[in-house]
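Worksheet: one structure, shown below.
In mature numbering (1 follows the signal peptide of the UniProt record, and there is no 0), the protein residues as written are -24 to -1, 1 to 396.
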C-alpha cells in the first residue's frame, strides 16, 4: 500500500505545479492588461473633468449664508444650517469650500471685535519694517491703562485666529459658543481691560517661484534605461493612487511660509506679547484664560518668566489644556504656584465643576460639563468668571490686611513716641 501511494504522488504533484503556473500566468496577463488600460487614460484630463474648479465666494452674502438673531449661520433662502457635503463624493472639493468659508468667518469675527467690542488692532512686532511679515493682537481701549484688572485670552492651535475658540462651533452651532465675544463683553462689564492674543498668526504665505530647478545628476539622459523604466512605473503607480484617493484633484499652487519675527510659534507669540504688552500694563491683577494648546504656551511662558508671572498674574483658567509639566520640565515652585492659582476645566461626562482626580501635581482639574473638547470654554463660561471674582476678592482682602497691618505698626510707633 505504501509503495502504491509513493508511486502515485509524483504525477499528482507535477500536475499541481502545472496548474499553479497556468493560474499565475493568467494573473500576470490580467495585470499587464490593467496596466495597459491605465496607461491609455489621461489622468490629468480626467482630473479636470471630475472635480469642479476651486473658485469659491468671497463674502457670506455670495455664499448665500448669514448669521441670524441667535448667532447661528443659516442659508438665506432655505434657513437651513451649513451643509458640508455640497457635492457628493468630492470630499476634497467640499473641504476647500469649507476652508474658504472659514476665511470669511475669520474676517467676520475681526469685524465684531472692532465694531461690537470697540477693540483696536496692534501690529506685531512693534518695531516692524514695511517689508517684513507682521501679525497682530486686539486690545480694549483700557487694556494698558486699567489700574485694576486685565484679562488675557489665549486660544488653542490650528486655523482659529484672534477672537475664536473653534471654527467648527461658529459654523455649525453659534457665535457665542465658538467665539470669545461673550468673554470679552462680560469682562468689560465687570471692569476688566482685555487683550485678545493671536497665537496662530505665525507666518506670511507666499506663492513659490515658478523657476524650474536644475536637473539633478540622477535625472540626466545617460541614466540606464532599465532604471528609468522602474522610476516611470513607480511614478505611474503614485499617480494612480493619487487619483483613486482624491478623485483626481486639481493641481494646487505651491506656497512657502515666511515666519513673523519673534512670533513664529504660539509659544513665541505669547512670550512676545507678555514682554511688550502684558508686563507693561498698569493692571495690578492680571487674569489669563487659555484653551487647549494655549495652556501649553502659558506654561512655557512660566518657564521663561516665572518670577514676573507670579508677581503680576492673579489667577489662570485653563480649558482642556494641552500642557504637560513633565515634558515641559517645569520647576517645583511653578507647580506649587499652579496648584494655588490655576484651575483646568476638562472634557468630562461629570456635571460642571465636579472635582476630578489629578493627573499631575500642577493645577486642580474640574469637569467642564461636556465631553466635547471644543465646547469646554463655552460650557465653563460662568464658572470661570466666578473663579476670577473669588481670586480678585481674596487679593483685595489680603491687600487690605497688609494696609491695616502697616497702619497699626505706624500707630504703635506714634504712641511710643508720644509716651517718650
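All C-beta atoms in this analysis are idealised placements derived from N, C-alpha and C, irrespective of residue type, glycine included.
- By the criterion of a C-beta distance shorter than 8 Å, residue 63 is surrounded in its chain by 28, 69, 70, once the five residues flanking it on both sides are discounted.
- Approximately 11 Å separates the beta-carbon atoms of residue 342 and residue 318; this is outside 8 Å, ruling out the contact.
- Spanning the alpha carbons of residue 96 and residue 113 requires a straight line of approximately 8 Å.
- In this structure, residue 299 lies away from residue 132, with their beta-carbon atoms at least 7 Å apart.
- Between the beta-carbon of residue 177 and that of residue 137 there is about 6 Å, and that keeps the pair under the 8 Å contact cut.
- Using a 10 angstroms sphere on the CB of residue 59, the tally of other CB atoms stays under 16, which defines it as exposed.
- In the DSSP assignment, residue 111 falls within the beta strand (DSSP E) that extends over 111 to 115.
- Taking the Cβ atoms as the reference, residue 242 lies roughly 6 Å from residue 269, within the contact range of under 8 Å.
- Excluding five sequence positions before and after residue 142, the CB atoms of its chain that fall closer than 6 Å to its own CB belong to 154, 350, given in chain order.
- Following the DSSP letters along the chain, one finds residue 269 inside the alpha helix (DSSP H) bounded by residues 269 to 280.
- Under the Cβ criterion (8 Å, minimum of three pairs), the stretch 116 to 131 does not count as touching the stretch 74 to 87.
- About 7 Å separates the Cβ atoms of residue 147 and residue 81, confirming a contact at the 8 Å cut-off.
- With distances taken between CA atoms, residue 288 lies nearest to 277 out of 297, 277, 295, 181.
- Beta-bridge pairing by DSSP links residue 343 to 322.
- Contact check for residue 260 and residue 158: beta-carbon distance about 25 Å, past the 8 Å limit, so the pair fails to qualify.
- Taking the Cα of residue 330 as reference, the smallest distance to any Cα among 345, 339, 37 is reached at 345.
- By the Cβ neighbour-count rule, residue 239 is buried, with 16 or more other Cβ atoms within 10 Å of its own.
- Taken in chain order, the unbroken stretches of alpha helix (DSSP H) that lie wholly in the stretch 231 to 318 and span 4 residues or more are 242 to 252, 269 to 280, 282 to 288, 308 to 317.
- Under DSSP, the beta-bridge partners assigned to residue 169 are 126.
- Just measuring C-alpha positions, the residue of 232, 248, 162 sitting nearest residue 181 is 232.
- If you draw a 10 Å sphere on the C-beta of residue 302, you find fewer than 16 other C-beta atoms in it, and that means exposed.
- A Cβ-Cβ distance of about 7 Å is found for the pair residue 236 and residue 100, placing them in contact under the 8 Å criterion.
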